[in-house]
Amino acid sequence: MELTSVYKVKEWMIQQIKEGKLQHGEPLPSNLAIARTLNVKTDDVYDAVDELITEQVLSNNLEEGARVKSLHPFYYPLGEVVSISRMIKDQGYTPGTEYISFDEKPATSLDSKRLNITDKAPVTIIERLRTADRKPVVYCLDKVPANYLTCAQYQSSDESLLGAIEAYTNKEVAYADTEMEAISYEPHISDILGASPHEGLMLLKLVHYDTDDQPMLYSFNYFKSSLVTFKTVKNRL
């Protein structure tokens, strides 16, 4: 099989990244400079860059041009019930929490459906920012049936949110149903996370269930897409 000039350019860029000659987040040399270095046509360089952008080795900003894609410092395993604190700790950072609000409100029809409670039943609502080395990573909005956990109980507990729910209910979290959605921009949340209007967010909606399949916690977790990548294993049926 013949190795094309486009392949030659792609391999050269990949090796430059592996050897640290092109750093993550760093702009590429000009297409003309690459073409002269490798003795290929500039059209071949354009094609190679386009392919590596599609393969997410490079990223492209209309204002700044192509550059080596920045690494994500965190990854979140979708196939496991893993706390955000553990995700942060596993990469050598110190997790932290900044509380934005505590409230108790009547369940909406959507809350009652997700949490399997009656309409207007009291729900504990906790809004917080999860940080790594004091830098924002995830915005969390959590909803718990108030008969499982009140604001006062959680504030007086030394446990994680899931740990506090388990401690006060004597129930164990068995699994979580997860929905994933890309969000381009959300002013309130993006501002809290320090994300620019051009930086996307990834929303995970999670409902945690106990061993009796009863919902215990309904969460909205907004991750900065520039910091977190998601990983799972899919088995063929």
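Just add 524 to wherever you are in the sequence shown, counting from 1, and you've got this note's numbering.
All residues carry an ideal CB built from backbone N, CA and C; glycine is no exception.
### Message
Less than 8 Å between the C-beta atoms of Ile707 and Gly718, yes or no?
### Response
To locate residue 707, count along the sequence shown from 1; it is residue 183. To locate residue 718, count along the sequence shown from 1; it is residue 194. Going by C-beta atoms, Ile707 is not nearer than 8 Å to Gly718.
### Query
To which residues of the same chain is Leu595 closer than 6 Å at the C-beta, ignoring the five residues directly before and after it?
Taking the sequence shown and counting its residues from 1, one reaches residue 595 at position 71. If we look at Leu595 and ignore the five residues flanking it on each side, its Cβ neighbours are His548.
### Task
Using beta-carbon positions only, say whether Val605 and Val697 come within less than 8 Å of one another.
The residue labelled residue 605 in the question sits at position 81 within the sequence shown. The residue labelled residue 697 in the question sits at position 173 within the sequence shown. Yes, the Cβ-Cβ distance between Val605 and Val697 is below 8 Å.
### Message
Is the separation between the beta-carbon of Leu556 and that of Arg591 shorter than 8 Å?
### Response
Along the sequence shown, read from residue 1 onward, the residue named residue 556 stands at position 32. Along the sequence shown, read from residue 1 onward, the residue named residue 591 stands at position 67. With contacts defined by Cβ atoms closer than 8 Å, Leu556 and Arg591 do not form a contacting pair.
### Query
What first and last residue would you give for the alpha helix (DSSP H) that runs through Ser636?
Translated into positions along the sequence shown, residue 636 becomes position 112. In the DSSP assignment, Ser636 falls within the alpha helix (DSSP H) that extends over 633-639.
### Query
In whole angstroms, what separates the C-alpha of Thr655 from that of Phe754?
As a working mapping, residue 655 is identified with position 131 in the sequence shown. As a working mapping, residue 754 is identified with position 230 in the sequence shown. If you take the alpha carbons of Thr655 and Phe754, they lie about 18 Å apart.
### Query
Using CA coordinates, which residue listed in Lys667, Val661, Ile650 is at the minimum distance from Ile641?
Looking up residue 641 in the sequence shown gives position 117. Comparing Cα positions, the closest option is Lys667.
### Task
Kindly list the residues whose CB is nearer than 7 Å to the CB of Ser636, restricted to its own chain and excluding five residues on each side of it in sequence; keep chain order.
As a working mapping, residue 636 is identified with position 112 in the sequence shown. Contacts found: Thr642, Asp643, Ala645.
#### Entry: Length of the line joining the Cα atoms of Leu639 and Gly589
For this step, residue 639 is matched to residue 115 along the sequence shown. For this step, residue 589 is matched to residue 65 along the sequence shown. Distance between the alpha carbons of Leu639 and Gly589: 46 Å.
### Classification of Asn745 by the beta-carbon crowding that lies within 10 angstroms, buried from 16 upward
The residue you call residue 745 lines up with position 221 of the sequence shown. Asn745 should be labelled buried.
### Task
Could you tell me whether the Cβ atoms of Asp657 and Tyr617 are closer together than 8 Å?
Here residue 657 refers to the residue found at position 133 when the sequence shown is read from its first residue. Here residue 617 refers to the residue found at position 93 when the sequence shown is read from its first residue. Contact annotation: Asp657 and Tyr617 have beta-carbon atoms nearer than 8 Å.
### Query
Got a sec? Which residues, its chain only, sit under 6 Å from Lys695 by beta carbon, not counting five neighbours each side?
For this step, residue 695 is matched to residue 171 along the sequence shown. Once the five neighbours on either side are set aside, the close Cβ partners of Lys695 are Asp734.
### Task
Identify the continuous alpha helix (DSSP H) that holds Tyr678 and give its terminal residues.
Taking the sequence shown and counting its residues from 1, the one referred to as residue 678 is at position 154. Counting along the chain, the alpha helix (DSSP H) containing Tyr678 begins and ends at 675-679.
### Query
Which whole-angstrom value describes the C-beta separation of Tyr678 and Ile650, a residue pair presumed to lie in contact below a C-beta threshold of 8 Å?
Counting from 1 along the sequence shown, the entry for residue 678 is found at position 154. Counting from 1 along the sequence shown, the entry for residue 650 is found at position 126. So it is a contact: roughly 7 Å between Cβ atoms.
### Query
Using a beta-carbon distance below 8 Å, is Asp571 in contact with chain D?
Going by chain labels, chain D is absent from the structure shown, which holds only one protein chain.
#### Entry: Neighbourhood of Glu690 by C-beta, 7 Å cutoff - its chain only, sequence neighbours within 5 removed
The residue labelled residue 690 in the question sits at position 166 within the sequence shown. In the same chain as Glu690, and ignoring 5 residues on each side of it, the C-beta atoms closer than 7 Å to its own belong to Glu696, Val697, in chain order.
### Query
Residue range of the beta strand (DSSP E) that His712 falls in?
Numbered from its first residue, the sequence shown carries residue 712 at position 188. Not the beta strand (DSSP E): His712 falls in the alpha helix (DSSP H), residues 711-717.
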